[in-house]
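Step one of this worksheet: look at the structure below.
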Amino acid sequence: MGKYLAFGLTLETCLDFTGVLQESTAETDVFIQEAPLHQRANRPTRIQRRGVRARLGLTSSGILLNWAGIGRFKIAAGNTITYQNEGADAGTLRLFLLSEVIGLVLYQRGLFLLHGSAVQVGHDAAVYLGIPGAGKSTTAAAFGKAGHTVLTDDLVAIQLIDNNPFVVPAFGQYKIWKNTVDGLAFDESVLEPSFEGATKYLVNQPLATFPRNPVPLRSITLLYPQNSRKRSEPIRPLLAPVELLKHFPLPIQLLTGTYLQTHFQQALRIAQVAAINQLKRPNGFDALERFVQTFQ
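Note that the working numbering has the sequence shown beginning at 113, numbered continuously upward.
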């Protein structure tokens, strides 16, 4: 068994995350174990990875999330992940565990979750959201190329500490598209192919210097394409709960009851502390790099 750190949680598992996650000596927060899973998950979701749509199941003992031909997962009490491998290689299995599966652990623990990217600039974190193709991952990659830390490129977890919002660092690895590699002139020779497909690559940030502690949240920016009718302007705090709800990263069937109420309360608090804006994305890679250089 090994112990590793991801999203501020110490994971104890037989799976080998060496080189992907930082090692941890802290008390275990989440146990990851392999065992047969016979309960059915029949509800289709909007979540797709490698062209396979995830299916959801809700039981009295946990949440089920299944990808046919890849794996079945059960998340219970915010501290246990049980999985049944359905033929995935080790890299693919790690990828799926570190995406929506661990997102469900964070959901059960009550964190505020967004589908987006987050970077650390100085001592603070900036979050970028947007529909697929809006440029959030590319924006994060531009910050990474400029020497800033990419805290996460997919699942953003925000924790309120003493009523102030902090971004919880995910792990040191992030993914970029082939056109981003070319457009931002990354050195392709040092990149690894992503297990999500040939058009994505993995960037490995140094584990020794990757942040272990939550980073104060400075801003959240909703990115829109250049041809959008949206204007670049601040979003009023009272509108923040609804706008941020559009970027919930997990199955929408989970937006019910206490969690939905807590989401609205947390969003209002976040909007009181952090700037929330909408922005037409910089037009082209050169403009994006200039944007990163002038970010204050």
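Every residue gets a Cβ at the ideal spot worked out from N, C-alpha and C, and that includes glycine. It should be emphasised that the depicted structure is a prediction, and the values quoted were computed from it without experimental measurement.
*What number of angstroms, rounded off, separates the C-alpha of Leu-209 from the C-alpha of Leu-400?*
31 Å
*Starting from the C-beta of Thr-333, find all residues in its chain whose C-beta is less than 6 Å away, skip the five residues before and the five after it, and write them out in chain order.*
When the five nearest sequence neighbours on each side are left out, the beta carbons in the same chain lying within less than 6 Å of the beta carbon of Thr-333 are those of Tyr-240, Asn-389, Leu-391, in order along the chain.
*Which value, in whole angstroms, describes the spacing of the CA atoms of Leu-216 and Leu-168?*
If you take the alpha carbons of Leu-216 and Leu-168, they lie about 11 Å apart.
*Output the distance between the C-alpha atoms of Pro-148 and Asn-276, rounded to the nearest integer angstrom.*
41 Å
*Alpha carbon to alpha carbon, what distance is there between Ala-269 and Asn-395?*
28 Å
*Tell me, please, whether the stretch 184–201 touches the stretch 217–225 by the rule of three or more beta-carbon pairs shorter than 8 Å.*
yes
*So Thr-122 packs on Gly-114, CB below 8 Å; how close in whole Å?*
Contact flag wrong, Cβ pair sits at about 11 Å.
_Candidates Gln-145, Lys-358, Leu-314, Phe-322: closest to Pro-281 by CA position_ = Nearest to Pro-281 by alpha-carbon distance, out of Gln-145, Lys-358, Leu-314, Phe-322, is Phe-322.
*To which residues of the same chain is Ala-230 closer than 6 Å at the C-beta, ignoring the five residues directly before and after it?*
Ala-237, Val-239, Leu-263, Thr-264, Val-268, Val-279
*Expressed to the nearest angstrom, what Euclidean distance is found between the alpha-carbon atoms of Ser-340 and Ile-243?*
12 Å
_Using a 10 Å radius around the Cβ and a threshold of 16 neighbouring Cβ atoms, would you call His-409 buried or exposed?_
Nothing can be reported for residue 409: it is not among the residues displayed for the chain, which extend from 113 to 408.
*asked:* Considering only the alpha carbon of each residue, which of Gln-384, Ala-180, Glu-212, Ile-288 lies closest to Arg-330?
replied: Taking only the C-alpha atoms, the option nearest Arg-330 is Gln-384.
*Among Leu-207, Val-213, Gln-405, the one whose alpha carbon lies nearest that of Thr-194*: Val-213
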